[in-house]
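Residue numbers (our numbering), protein chains in the order written: chain Z, 1 to 364; chain W, 365 to 728; chain L, 729 to 1092; chain V, 1093 to 1456. Data first, discussion second: the structure below is written as structure tokens.
4 protein chains.
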Amino acid sequence: MSGSSFGNIFRITTWGESHGKALGVVIDGCPAGLALSEEDIQVYMERRRPGQSQFTTARLEGDKAEILSGVFEGRTTGSPISIAVFNKDQRSKDYSEIASYYRPGHADYTFDQKYGFRDYRGGGRSSGRETIGRVAAGAVAAKLLKELGISCQAYTLSIGNIKASSFNEEDILKNPLFMPDMSAADKAAEYLKALMNEGNSAGGIIECRINGLPAGIGDPVFEKLSANLAKAVTSIGAVKGFEIGEGFNASYLTGLEDNDSFINENGQIKKATNHSGGILGGISDGSEIVFRAAVKPTASVSAPQRTVNKDGEEIDISIKGRHDPVIVPRAVVVVECMAAIVTADALLMNMSSKMDRIIDFYGR
Amino acid sequence: MSGSSFGNIFRITTWGESHGKALGVVIDGCPAGLALSEEDIQVYMERRRPGQSQFTTARLEGDKAEILSGVFEGRTTGSPISIAVFNKDQRSKDYSEIASYYRPGHADYTFDQKYGFRDYRGGGRSSGRETIGRVAAGAVAAKLLKELGISCQAYTLSIGNIKASSFNEEDILKNPLFMPDMSAADKAAEYLKALMNEGNSAGGIIECRINGLPAGIGDPVFEKLSANLAKAVTSIGAVKGFEIGEGFNASYLTGLEDNDSFINENGQIKKATNHSGGILGGISDGSEIVFRAAVKPTASVSAPQRTVNKDGEEIDISIKGRHDPVIVPRAVVVVECMAAIVTADALLMNMSSKMDRIIDFYGR
Amino acid sequence: MSGSSFGNIFRITTWGESHGKALGVVIDGCPAGLALSEEDIQVYMERRRPGQSQFTTARLEGDKAEILSGVFEGRTTGSPISIAVFNKDQRSKDYSEIASYYRPGHADYTFDQKYGFRDYRGGGRSSGRETIGRVAAGAVAAKLLKELGISCQAYTLSIGNIKASSFNEEDILKNPLFMPDMSAADKAAEYLKALMNEGNSAGGIIECRINGLPAGIGDPVFEKLSANLAKAVTSIGAVKGFEIGEGFNASYLTGLEDNDSFINENGQIKKATNHSGGILGGISDGSEIVFRAAVKPTASVSAPQRTVNKDGEEIDISIKGRHDPVIVPRAVVVVECMAAIVTADALLMNMSSKMDRIIDFYGR
Amino acid sequence: MSGSSFGNIFRITTWGESHGKALGVVIDGCPAGLALSEEDIQVYMERRRPGQSQFTTARLEGDKAEILSGVFEGRTTGSPISIAVFNKDQRSKDYSEIASYYRPGHADYTFDQKYGFRDYRGGGRSSGRETIGRVAAGAVAAKLLKELGISCQAYTLSIGNIKASSFNEEDILKNPLFMPDMSAADKAAEYLKALMNEGNSAGGIIECRINGLPAGIGDPVFEKLSANLAKAVTSIGAVKGFEIGEGFNASYLTGLEDNDSFINENGQIKKATNHSGGILGGISDGSEIVFRAAVKPTASVSAPQRTVNKDGEEIDISIKGRHDPVIVPRAVVVVECMAAIVTADALLMNMSSKMDRIIDFYGR
């Protein structure tokens, strides 16, 4: 059980290593009749593409997503959608040295402990390239959500200690760090330049908002919408924390501060505030869903570090090659895609929740 | 799909509502030959029992766990272990009023939206009593882990802004808040008394440590040990955040600060620090696993609140009845139990990871 | 992984041993709002009850199904439905001898090989009493199907070589063997009496028909409706074969004989014949679904048999106690219940198959 | 939920349509360290290849399996193994006519009912080419089993009424029908020629034997080894029946005839006979496992048939193109591969069945 599948009805299975022949995903359970093209997917692939600024690696991946099955005459058929990206830039010689030692902050040691050996080329399965399958699947989920009037949007909330203090949606795509605050983005850029000069790296926080989701989606116990978002996001490499709504801050509030009053807004039941982050008891409450993911600093730094080699000897290493000083900007689209997958799956799971709706469905 | 099952090989299915006939759990996939008694389970049940101090509800649940199947002559048989707790104190009259309106911070509204109606007695399935099944199953998982020399221990790290500033393991069970720092526990008690007088409530943070787990446990992508812990913990009602190791703080560190150097300690590979919280790339690295859960303040407060009734009319309510001013102390054992379940499951899943170990297993 | 769960959305988990405290089932994923009472379930329990004729054991089980959760004010709530039957007649002394040897045709030896020991009281988990959970869950599934105008009906097609040669639905419940042909039932009764006198036993074939199922239910590859029926039925103890439509006979036909022509019947597409048994490519075709299960003769016979004891010594045994000379009549309701569970699950799974229906569902 | 995944720990997900870009499979949960090459897989692909005799279609598929991930330096890594076969011979013009009507015995009508439309090129997802993924995965499972000394072997037991009356293992690969009896193979060939001249087709029965499996594999209730074999085999297109050991014949036997006595053979517990087909109570008993699958005649026949078109008008059709007069020989390897997948999965699932073996495993 190597755990490469995610989701219940809208279920994805990703595969591939950093320097293998290809990477991809199989999406099983996507409804038939969704208009889908390779272009729909490519738009998302571009957002995780490196080489877009000085803060992402210069490696020109040019990842091109190919749909191999499940789409006919421009629409999904209900059959599994297989999407592959073939690796073109396999400069494995850059990575051969790391076969001999364990990089701090990476999974080299744990893979060896688990499997007895590892595909050491560029991190193999533990590489950030593993997210290609997630993004391809997320693009399909996002297309499905769009048909239902639902959107997911992620962005960089902070890089190190520099936090966006305003939210201008249009700014997000205007800066290479995907921050909704140009001024904060400028400061973060300065901070990153300084770190790069030291051969060091930074982390940050990603925030994601889901809009348009009706109330009633998600399940009460283990398949809580919040619990599935937590797993989906924490399963992304380098994510060390997850919170929804007030999150950790809720632990400092009192009940009277944290509770959201229900109100009647023009005949509709709404909440006066949204401390809950759009989920109550694991089920969407009709408000905007807001959650955050904490991303650790890039583990690959060029400054010297102490570690051990496979023989257990302590050595000093300096990691060469092309590495992002911060992975947060490239992880933004991954977080957004995982949110889309969780949301699409929860919507499909919810269709069988009420007997009268089922009778209605089959009575037609 | 109401999502009441959790785990892959060690798989639990919980059932029951606050004021139904009984609550319980079925554990499928527990290995045969584990010594197990009702007493083993009752010890854990007592830790989530209310009525233990002024900060937990006076309701005398006296929850008695009965093993209905899967154990023969004191040992598990490999068949599903069914454990039930029959409700004795079903004062449903206390709760009848809440049928008519939506309590802020509760799942009343979202259940109605999802299912069309709800079992309003004491919160029904969304009650904290749902955790009875989790704790019973966690007791079994903990017994299994003990046989392998592995322990999970959770405790209260903070209540509101009052944080434990020292860690004395023996103090944890000496104060009703389960804090590892008696001085902080005293201050937190004062804080809670003040809130109770106002009809208000508090939240807090729970920390959990897993010791004795070998390196190599967990899977690389969606079944990361960290991702399963995140889901397990975030699926507990009132949990709004999860973090592992440095967690959100990792987003403020640099790579050189956050990376843990590998060292040779008397011939064994260890880490000089443990910023990772014991997991690298989703797989245990042999260090102590440390994670935290943020718990929101109790939603049921007796001070007046504004909300709407089922007809959508805005009303002012005051929630009566017996409610904990803070649920953190009672949630401690739930967090610990979910950690035990995730860990036991990951250990069983890992047994098929290497071909040579499989040949060895069947070659005997 | 002891494999006690079945189904995808409508998912059941059974538990319990022949002579433990209780047996039961948890049904997760049953839609909210289905009218359900203990009486609905008891009707099915009675059909598997022993002591109804001279061909079923004299043991008075009097199994009484109790609903412990998931139903409120007469309707399912969407929460897991826990149903238990408490054992009353636990004469375990009858069974203590079998602890020392391996009964031919039973699972004693294989359980010992798998688990190292076994609950030997009445067969433990491998007893026919394991089907109590299946029948309780099947009663709920059947109630759900009824709301959609769908019925499942099983009956005894043959006992040994005596086969029903006519089909009179009203006869099925008029004879203790549940055959749709009174004349065949009489002959089978004679045959069984003769076998009982010899301390021997018989097998037979059960047939099941599902009516009212619309076309389009089931999935194309591994979750074929036929494949799930095959698993569901073959998972019942003593079932050694499964076939649908022409079944094994199809292997002797030519394509022109076996193919069902599509026809236009008053403006509706129908099939001129039903060799397929109502399923094409794993998906229901709108015709009656017809399948059969082959049941082996009861393994417990009182005539002497040779076997080995736990020390490997060959011995001659004679199995005492109350045993059915044929289990086919009591298995009829189990087959019917498994068919209902598979069908209900397939219907719920199918709701997310088409994008336009999903938009329609959420657009309301 | 389109149901394209199968297995619990050794879990496969197949994808692809007859005339899409490619078909393939992702195998998740294959242990690390298994020696594996494309040649290992190609050997199995060749066995399902058409164009090998006059009884299989002339279409030269030349299916070439490519491993895209999960193998490094000749060994599996524990990461998902993605295998693809790119379609070369996409003569879709041959199939365009079938878009307008529903072929008898095919899934055209049921797909349209389920999904609203279908990929009509060569049957799309319901084509026999869907089995490419099964065979590729089965080759990997078979390699794994070989390391444990376990083999699966399938062959043609009968074509129409012509049944192999002897079993000569070496004959199986010597005749294009894969029968273990050359004389029967000759008669069957004559029979098929006659049917081809009439534009008709035949079915048959496939038998499969699994040797070397230790006792104790499989689970007692829903994950019975027999139940999983039943599902695996019945999920293959055109399979209409499944039986194990005596199968349907068991229904005609008495208990004394059908029960297998346990005996002591040189200090080892064995069975004197094998009516059970190697499985008791769903768990392997150490004997050879023997099961059979009934395959219906090829639905595509060139002789005229009546059907309806999409407008519901009755028409007479004659199916053109290249079609096997019998699919049994090509299905032999598919049955064998599904058996290997089920067996490998059951072996991995069984590793966590006993506490003492787990302690032993982790104590090393």
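Every residue, glycine too, gets a C-beta built ideally from N, C-alpha and C. Please read these numbers as outputs of a predicted model, since none were measured by experiment.
Check: Bridge partner(s) assigned by DSSP for V/Y1193; Outcome: V/N1401
Check: Contacting residues, own chain, Cβ-Cβ under 7 angstroms from Z/A230 (five flanking each side not counted); Outcome: F242
Check: Contact belief for L/A864 with L/I811 at Cβ below 8 angstroms, rounded distance in angstroms; Outcome: 4 angstroms
Check: Under 8 angstroms between C-beta atoms of L/P808 and L/S824; Outcome: no
Check: Sheet register partners of W/V706 (DSSP bridge); Outcome: The partner list for W/V706 (beta bridge, DSSP) is empty, contrary to what the question assumes.
Check: Environment of W/Q632 [buried if 16+ CB atoms lie within 10 Å]; Outcome: exposed
Check: Segment contact flag, the segment 157–167 of chain Z with the segment 193–204 of chain Z, C-beta cutoff 8 angstroms, min 3 pairs; Outcome: yes
Check: At least 3 beta-carbon pairs within less than 8 angstroms: the segment 1254–1273 of chain V vs the segment 1401–1414 of chain V; Outcome: no
Check: Continuous alpha helix (DSSP H) assignments of at least 4 residues falling wholly in the segment 1276–1357 of chain V; Outcome: 1317–1326, 1347–1350
Check: Counterpart residues of V/R1384 in DSSP-defined beta bridges; Outcome: V/E1299, V/E1335
Check: Chain L within 8 angstroms of V/Y1454, Cβ atoms only; Outcome: no
Check: Neighbour list for L/F990 in chain V, Cβ cutoff strictly below 7 angstroms; Outcome: Y1194, P1196, Y1201, T1399, V1400
Check: Bridge partners - L/L734, DSSP secondary structure assignment; Outcome: Reading off the sequence, residue 734 of chain L comes out as Phe, not Leu. Paired residue(s): L/I740.
Check: Simplified DSSP assignment, three categories, for W/C701; Outcome: helix
Check: Start-to-end residues for the beta strand (DSSP E) that takes in L/Y883; Outcome: 879–887
Check: CB contact check: W/S490 to chain Z, cutoff 8 angstroms; Outcome: yes
Check: Local Cβ density within 10 Å of W/A591, reported as buried at 16 or more and exposed below that; Outcome: buried
Check: Backbone CA spacing between Z/E224 and V/G1214 [nearest angstrom]; Outcome: The identity of residue 224 of chain Z in the sequence shown is Lys, whereas the question assumes Glu. Cα to Cα, Z/K224 sits roughly 42 angstroms from V/G1214.
Check: Stretch pair the segment 344–355 of chain Z + the segment 164–173 of chain Z: three plus CB contacts closer than 8 angstroms; Outcome: no
Check: Span separating the alpha-carbon of L/D791 from that of W/D688; Outcome: 41 angstroms
Check: At least three beta-carbon pairs within less than 8 angstroms, the segment 1102–1111 of chain V to the segment 99–110 of chain Z; Outcome: no
Check: Under 8 angstroms between C-beta atoms of V/L1115 and V/I1224; Outcome: yes
Check: Closest residue to Z/I327 among Z/P297, Z/Y191, Z/L347 (Cα-Cα distance); Outcome: Z/P297
Check: Cβ contact check for the segment 977–992 of chain L and the segment 1125–1141 of chain V: 3 or more pairs under 8 angstroms; Outcome: no
Check: Rounded C-alpha distance that separates L/D840 from V/G1099; Outcome: 25 angstroms
Check: Member of Z/I358, Z/G278, Z/K193 whose CA lies at the smallest distance from the CA of Z/A215; Outcome: Z/G278
Check: Proximal residues to L/A675 (C-beta, below 8 angstroms), its chain only, five neighbours per side dropped; Outcome: With chain L covering only 729 through 1092, there is no way to say anything about residue 675 of chain L.
Check: Integer-rounded CB distance, given that Z/S2 should sit under 8 angstroms from V/G1230; Outcome: Actually they are not in contact, since the Cβ atoms of V/G1230 and Z/S2 sit about 19 angstroms apart, beyond 8 angstroms.
Check: For W/K510, the nearest candidate out of W/D404, W/F450, W/I723, W/L559 (CA to CA); Outcome: W/D404
Check: Any 3 or more C-beta pairs closer than 8 angstroms across the segment 1276–1291 of chain V and the segment 1366–1385 of chain V; Outcome: no
Check: Rounded C-alpha distance that separates V/A1277 from Z/R357; Outcome: 56 angstroms
Check: Environment of L/N889 [buried if 16+ CB atoms lie within 10 Å]; Outcome: exposed
Check: Cutoff 8 angstroms: W/L424 Cβ touching any chain Z Cβ; Outcome: Note on W/L424: pLDDT 48, under 50, position unreliable in the model; the coordinate value appears next. Output row for W/L424: interface = no.
Check: V/L1152 versus L/E858: straight-line alpha-carbon distance, rounded; Outcome: Annotation note: pLDDT 49 at V/L1152 (below 50); position unreliable, coordinate value reported separately. For V/L1152 and L/E858, the distance between alpha carbons rounds to 51 angstroms.
Check: W/G438, buried or exposed, once every other Cβ within 10 Å from all chains shown has been counted against 16; Outcome: exposed
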